[in-house]
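Numbering-wise (our numbering), the sequence shown opens with residue 67 and increments by one. Single-structure report; data block below.
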Amino acid sequence: MSYISQSNSNKPLKAVLLTITAAFGAMSIAASAQTDYSNPDMDPVNDLPNPYQTVENYLKLPAGREWGSTSAVHIDVDGESIWVAERCSGNVGACVQNSNLDPIMKFDADGNMVTSFGAGMITWPHGIEVDPQGNVWVTDARDNRGDGVEETEVYGHQVHKFSPDGHHLMTLGMPGGGRDPNYLFQPNDVLVAPDGHIFVAEGHSNAEGSTARILKFSPSGDLVMTWGSYGTGPENFMQPHALALDSQGRLFISDRSNNRIQIYTQDGELLDTWYQFSRNSGLFIDENDVLYAADSESGSVAPEWGHWTRGIRVGSARTGEVHYLIPDPQPDCRGTCTAEGVTVDRNGVIYGAEVGPVGGIKRYVRQ
């Protein structure tokens, strides 16, 4: 069954390749290939340097608007501008109550907002993707059901595609959500491969029997295949929370509540499982295969994972080595703390999207 709606669009923008300056090119792949990162009981990767300076309040909102919970951030195809999907100055329900606020915003390299859109279309923005043509994809992981809301007025649990100037181009999923064999329910993240295929990570609950799978769609939005189910086994998921592709075309999946990254082919074949990047919520891989993994939950939400330091780990998608750790400056924070979403510009500057209790975006600059 297909749940696609499309709108007319302008001619796609020419794709711009990101160029990232990174210091990992000289790493010895052969030496690292001997390391086994698939042991869930491995020692925590905490004792690492932090060469980054934290910059707060770099992205500037319009006067009168405050940052709310934010988990969705992605660099633009120009390599410098930043796209953010923010929860309308609040968190759960805020974009329904504040339906006049645009949740999707673009900021230039100096932190100034240059455009915004999406008011009244998204209930709880969770993940964001900018495809090679510059189009912006946002996952909506909740719905607007409530007192007085007619079923014909329900929306949410969908993925929306917009042109860079905010024209609505496509929607994946039933309004208000659908469960297997229908879709979507609690979509966490979306990724568009170079050939146009669309991947969606679905399921935001740890309850037994919850939705937890990956869906693959054709470039036109037709469902091609799904894989995975709820559980803790080798090919199960529990909150598949973020997606990234490396230069080989391997699909990295943040299997958050299983405290691991699972690496697949784009046809659903499991290749490897990594635990060294901790309980990560957000993933970003640059074109040099530098992997950025944001852990926003170790300790506070998952006490059994309390021996792992919460923060952003920076390493290699090729070898699995972890080189740096930007720790949460509030180690005693309770809730979903420090960056949940993560992206990197062409100069290696990191942007972390925070759900709370702080919220908003932090900037991390290499010293």
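The C-beta atom is built at its ideal place from N, Cα and C for all residues, glycine as well.
- Item | Reduced DSSP category for Val410 - H, G, I as helix; E, B as strand; rest coil | Within the sequence shown, numbered from 1, the residue matching residue 410 stands at position 344. Of the three classes helix, strand and coil, the one that applies to Val410 here is strand, per DSSP.
- Spatial distance of Gln328 from Ala278 (CA atoms): Here residue 328 refers to the residue found at position 262 when the sequence shown is read from its first residue. Here residue 278 refers to the residue found at position 212 when the sequence shown is read from its first residue. Rounded to the nearest angstrom, the two C-alpha atoms are 13 Å apart.
- Thinking C-alpha only, which one of Gly159, Arg211, Arg412 and Glu195 is nearest Val150? Taking the sequence shown and counting its residues from 1, the one referred to as residue 150 is at position 84. Measuring from the Cα of Val150, the nearest candidate turns out to be Glu195.
- For Pro191, count neighbouring Cβ atoms within 10 angstroms of its own Cβ and tell me buried if that reaches 16, exposed if not. On the sequence shown, position 125 is the one that residue 191 refers to. It counts as buried.
- Task: State the start and end residues of the unbroken alpha helix (DSSP H) segment that holds Gln119.
- Result: In the sequence shown, counting from the first residue as 1, residue 119 sits at position 53. Per DSSP, Gln119 belongs to no alpha helix (DSSP H); it is in the beta strand (DSSP E), Tyr118 to Glu122.
- Evaluate Gln305 with the Cβ neighbour count: other Cβ atoms within 10 Å of its Cβ, from every protein chain shown; 16 or more gives buried, anything less gives exposed. Residue 305 sits at position 239 when you count from the first residue of the sequence shown. Classification for Gln305: buried.
- Query: Would DSSP call Gln163 helix, strand or coil?
  - Reply: For this step, residue 163 is matched to residue 97 along the sequence shown. Reduced to three states, the DSSP call for Gln163 is helix.
- Message: Quick check on the burial criterion: 16 or more other C-beta atoms within 10 angstroms. Buried or exposed for Ala129?
- Response: Walking along the sequence shown from the start, residue 129 turns up at place 63. Exposed, since its Cβ has fewer than 16 Cβ neighbours within 10 Å.
- Taking buried to mean at least 16 other C-beta atoms within 10 Å of its own C-beta, is Thr87 buried or exposed? The sequence position of residue 87 within the sequence shown is 21, counting from 1. Confidence at Thr87 is low in this model, with a pLDDT of 37, below 50, so its placement is unreliable and the value that follows should be read with caution. Exposed, since its Cβ has fewer than 16 Cβ neighbours within 10 Å.
- Would you list the one or two residues that DSSP bridges to His226? Numbered from its first residue, the sequence shown carries residue 226 at position 160. DSSP, once it has assigned bridges, lists Val204 and Thr237 as partnering His226.
- Message: Per DSSP, what are the beta-bridge partners of Trp149 in this structure?
- Response: Counted from its first residue, the sequence shown places residue 149 at position 83. Beta-bridge pairing links Trp149 to His140 and Lys172.
- CA-to-CA distance, Ser362 to Tyr430, given in whole angstroms: Along the sequence shown, one-based indexing puts residue 430 at 364. Along the sequence shown, one-based indexing puts residue 362 at 296. The alpha-carbon atoms of Tyr430 and Ser362 are separated by roughly 16 Å.
- Item | Element boundaries [beta strand (DSSP E), containing Phe494] | The chain is shown from 67 up to 433; residue 494 falls before or after that span and cannot be answered.
- Give the DSSP-derived three-state secondary structure of Asn254 in the structure shown. Numbered from its first residue, the sequence shown carries residue 254 at position 188. Strand.
- Does the beta-carbon distance from Ser147 to Lys126 come in below 7 Å? Here residue 147 refers to the residue found at position 81 when the sequence shown is read from its first residue. Here residue 126 refers to the residue found at position 60 when the sequence shown is read from its first residue. Going by C-beta atoms, Ser147 is not nearer than 7 Å to Lys126.
- Message: Quick test of your reading: His270 and Gln252, contact by CB under 8 Å. State the CB separation rounded to the nearest angstrom.
- Response: Within the sequence shown, residue 270 is the residue found at index 204, counting from 1. Within the sequence shown, residue 252 is the residue found at index 186, counting from 1. That pair is a contact at about 4 Å.
- Task: Let me know the secondary structure DSSP gives Gln342 once reduced to three states.
- Result: Here residue 342 corresponds to residue number 276 of the sequence shown, with the count starting at 1. DSSP places Gln342 in coil when its eight states are reduced to three.
- Query: Under 7 Å, do Thr339 and Ser165 count as touching if we go by C-beta distance?
  - Reply: Along the sequence shown, read from residue 1 onward, the residue named residue 339 stands at position 273. Along the sequence shown, read from residue 1 onward, the residue named residue 165 stands at position 99. No, the Cβ-Cβ distance between Thr339 and Ser165 is not below 7 Å.
- Message: Checking 7 Å against the spacing of the C-beta atoms, do Phe343 and Arg379 come in under that value?
- Response: One-based indexing of the sequence shown puts residue 343 at position 277. One-based indexing of the sequence shown puts residue 379 at position 313. Yes, they are a contact pair.
- Query: Do the segment 403 to 415 and the segment 352 to 368 meet, that is, are 3 or more Cβ pairs less than 8 Å apart?
  - Reply: yes
- Message: Excluding the 5 residues flanking Asn210 on each side, which residues of the same chain have their C-beta closer than 7 Å to its C-beta?
- Response: For this step, residue 210 is matched to residue 144 along the sequence shown. Cβ within range, chain order: Val162, Thr189, Val220, Tyr221 and Gly222.
- Task: Could you tell me which uninterrupted beta strand (DSSP E) segments, each at least 3 residues in length, are contained entirely in the segment 308 to 394, listed from first to last along the chain?
- Result: 317 to 321, 326 to 330, 336 to 340, 348 to 351, 356 to 361, 377 to 382 and 388 to 393
- Message: Spatial neighbours of Ile427 within its chain, please: C-beta separation below 8 Å, excluding the five flanking residues on both sides.
- Response: Locating residue 427 in the sequence shown gives position 361, where the first residue counts as 1. Once the five neighbours on either side are set aside, the close Cβ partners of Ile427 are Tyr124, Leu125, Trp133, Thr136, Val139, Ile148, Val150, Tyr417, Gly418, Ala419 and Glu420.
- Short check: CB of Ser347 to CB of Glu268, under 7 Å? By one-based count along the sequence shown, residue 347 stands at place 281. By one-based count along the sequence shown, residue 268 stands at place 202. No.
- Query: Looking at the structure shown, is Thr292 part of a helix, part of a strand, or coil, going by DSSP?
  - Reply: Position 226 of the sequence shown holds residue 292. Thr292: strand per DSSP, three-state reduction.
- Query: In this structure, does DSSP put Pro78 in helix, strand or coil?
  - Reply: The count along the sequence shown starts at 1 and reaches residue 78 at position 12. Low per-residue confidence applies at Pro78: pLDDT is 41, beneath 50, and the placement is therefore not dependable, though the value from the model is reported in the following sentence. Three-state result, Pro78: coil.
- Extent of the continuous beta strand (DSSP E) to which Glu268 belongs: As a working mapping, residue 268 is identified with position 202 in the sequence shown. Element bounds for Glu268: Ile264 to Glu268.
- Message: One question on the structure: do Val258 and Thr205 come within less than 7 Å of each other, judged by their Cβ atoms?
- Response: Translated into the one-based positions of the sequence shown, residue 258 becomes position 192. Translated into the one-based positions of the sequence shown, residue 205 becomes position 139. Taking 7 Å as the Cβ cut-off, Val258 and Thr205 do not qualify as a contacting pair.
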